[in-house]
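> Let me begin by handing over the structure; questions about it come next.
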Amino acid sequence: MGHEASRDSLATRILQLREAAGLTKADLARCIGVSDVTIGYWETGNIKQIGHERLLTLASAFGISVSELLDDPMLVKRDARIRVGNCPRCGIQESPVEQA
């Protein structure tokens, strides 16, 4: 089952988290096992639902919980340091990135 609630805010949050982590769409896509086009669709809200397994992987890549990813609109603003979690696919290790 997918998640559709707060689609536009989730799309914005994915974009902000990716940029804050210093990742390209291709970097994030490789890390979570989707195409960079899919990342683009998520960030624009063109994909209406993201499956639970993908949300888990996406949240893990940012080092946050699915709940934070879905429900915390202040996440990027509050956290001065966004971290990329340990990515089993691409080998990105947790590394704090200063938010601009």
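The sequence shown begins at 1 in full-length UniProt numbering and counts up one residue at a time. Idealized CB from N, CA, C, for every residue including glycine.
Return the CA-CA distance between D79 and E19, expressed in angstroms with no decimal places.
For this step, residue 79 is matched to residue 79 along the sequence shown. For this step, residue 19 is matched to residue 19 along the sequence shown. For D79, the predicted model reports a pLDDT of 48, less than 50, meaning its position is unreliable; a value from the coordinates is still stated below. Using only the alpha carbons, I get a separation of about 13 Å.
> Am I right that A11 and E43 are in contact with their C-beta atoms under 8 Å? What's the rounded C-beta distance?
The residue labelled residue 11 in the question sits at position 11 within the sequence shown. The residue labelled residue 43 in the question sits at position 43 within the sequence shown. Right, the Cβ-Cβ distance comes to about 5 Å (below 8 Å), so this counts as a contact.
> Could you round the C-beta distance between L58 and L69 to whole angstroms and report it? I think they count as a contact, below 8 Å.
Locating residue 58 in the sequence shown gives position 58, counting from the first residue. Locating residue 69 in the sequence shown gives position 69, counting from the first residue. Right, their Cβ atoms sit about 7 Å apart.
> Counting only the same chain and skipping the five closest in sequence on each side, list residues whose C-beta sits under 6 Å from that of I64.
The residue given as residue 64 occupies position 64 in the sequence shown. Once the five neighbours on either side are set aside, I64 has no close Cβ partner at all.
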